[in-house]
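Have a look at the structure below, then the notes.
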Ligand code: HPA
Ligand code: ZN
């Protein structure tokens, strides 16, 4: 019997497709492409997933993503995620991808966009789930590289719903990316940004006021600035939170310490997501379950969180109403 959490219709809004690469698939892709891996066994890969902070994770995540080479690889990766997500009751997924991780290795947009398009088309047909793609800029590579990436992506703008900012946060404030995000907005793309994961509340303010971010990815560190919490609540700015990620990257010591419920009670539109599920030990329903148990939340609160995810998506009002059963 599927549990309540699985049955709730939900959208996943903070999911890095490269972060869904399970060790088993890493090995099968390496064998198929005749390339080596820096690990001997699946168990050795899993054992390496002991993170101390965001950077210690990113170092391993970028190495794992190097196992992806062909359109078929990107299709298989996204299809596996979408099957898993549909099984968790996800009816709509807005997925991040990191083009620079691939273009830096000589793999062009045509390669990964072809694979993504095939997986998304198949998911619509066979799983009945809708999908969107959000292209993220790697902040540690700086704005000139982000501008080059936006230009390279121009032939594929029709296949994107938005752009985001990810990778190392502290030392790379959103204010450095105003030009590229402004251009993306002019092209009709939605703007989101990772902010306040490890970085200070000022980065969240900058994402809102300088980049025009419509959602904040993570945003947990907003809590230390009451004026910012009021702003998020008043403007209904969604936070796409990833509780298991935050524990694995030591943003919070334990799930019981997570501030999701406090921010929800303060009137912030909070959503639950999985971030990089292959690395953080759980897909989206696992995140909902961990939160419900760890923070002692009611079924009604879980249902509200699932509704929030659909409302916070970039679907049009008609699709939202349909999924919400309104
Ligand atoms: N933060 C920043 N960059 C990332 C993350 C994250 O949680 N996951 C994948 N890239
Ligand atoms: Zn993320």
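Residue numbers (this note's numbering): 1199 to 1524.
Even glycine gets a Cβ: it sits at the ideal position worked out from N, Cα and C.
In DSSP terms, what residue i is bridged to
i, result
"residue 1467", "Per DSSP, none; premise fails for residue 1467."
"residue 1208", "1288"
"residue 1413", "1390"
"residue 1361", "1333, 1389"
"residue 1347", "Note: residue 1347 sits in no beta bridge, so no partner."
"residue 1447", "Paired residue(s): none; residue 1447 is not in a bridge."
"residue 1293", "1331"
"residue 1473", "1213"
"residue 1437", "1414, 1468"
Own chain, CB closer than 8 Å to residue i, minus 5 neighbours either side, in chain order
i, result
"residue 1382", "1348, 1360, 1361, 1389"
"residue 1371", "1397, 1400, 1401, 1404"
"residue 1244", "1221"
"residue 1303", "1264"
"residue 1351", "1297, 1307, 1333, 1358"
"residue 1510", "1209, 1211, 1413, 1436, 1438, 1467, 1469"
Alpha carbon of residue i to alpha carbon of residue j, nearest angstrom
i, j, result
"residue 1473", "residue 1461", "19 Å"
"residue 1226", "residue 1502", "39 Å"
"residue 1309", "residue 1333", "15 Å"
"residue 1453", "residue 1255", "19 Å"
"residue 1491", "residue 1261", "33 Å"
"residue 1363", "residue 1293", "13 Å"
"residue 1455", "residue 1418", "12 Å"
"residue 1471", "residue 1515", "21 Å"
"residue 1338", "residue 1344", "10 Å"
"residue 1291", "residue 1504", "13 Å"
"residue 1326", "residue 1414", "28 Å"
"residue 1394", "residue 1524", "33 Å"
"residue 1369", "residue 1448", "18 Å"
"residue 1424", "residue 1320", "45 Å"
"residue 1323", "residue 1487", "29 Å"
"residue 1259", "residue 1354", "25 Å"
"residue 1512", "residue 1246", "36 Å"
"residue 1201", "residue 1522", "18 Å"
"residue 1519", "residue 1249", "40 Å"
"residue 1387", "residue 1434", "19 Å"
Cutoff 6 Å; reference residue i; Cβ partners in own chain excluding five residues on either side
i, result
"residue 1318", "1329"
"residue 1271", "1227"
"residue 1483", "1203, 1204, 1286"
"residue 1235", "1228"
"residue 1379", "1389, 1409"
"residue 1269", "1309, 1312, 1313"
"residue 1341", "1374, 1375, 1378"
"residue 1208", "1287, 1288, 1504, 1507"
Contact set for residue i: own chain, Cβ-Cβ below 7 Å, skip 5 residues either direction
i, result
"residue 1458", "1439, 1441, 1468, 1489, 1493"
"residue 1411", "1389, 1390, 1391, 1405"
"residue 1422", "1399"
"residue 1305", "1267"
"residue 1284", "1325, 1327"
"residue 1365", "1256, 1336, 1337, 1338"
"residue 1253", "1366"
"residue 1273", "1313, 1316, 1317"
"residue 1385", "1355"
(request) Count the C-beta pairs between the segment 1423-1434 and the segment 1451-1465 that are closer than 8 Å, then say yes if the count reaches three, no if not. (result) yes
(message) With three or more C-beta pairs closer than 8 Å as the rule, is the segment 1491-1502 touching the segment 1291-1300?
(response) no
(request) Please list, following the chain, all residues that have a C-beta closer than 6 Å to any non-hydrogen atom of ligand 2. (result) 1212, 1214, 1364, 1392, 1415, 1473
(request) Would you check if the segment 1443-1451 and the segment 1475-1489 touch, i.e. whether three or more CB-CB distances between them fall below 8 Å? (result) yes
(request) Would you check if the segment 1210-1224 and the segment 1266-1281 touch, i.e. whether three or more CB-CB distances between them fall below 8 Å? (result) yes
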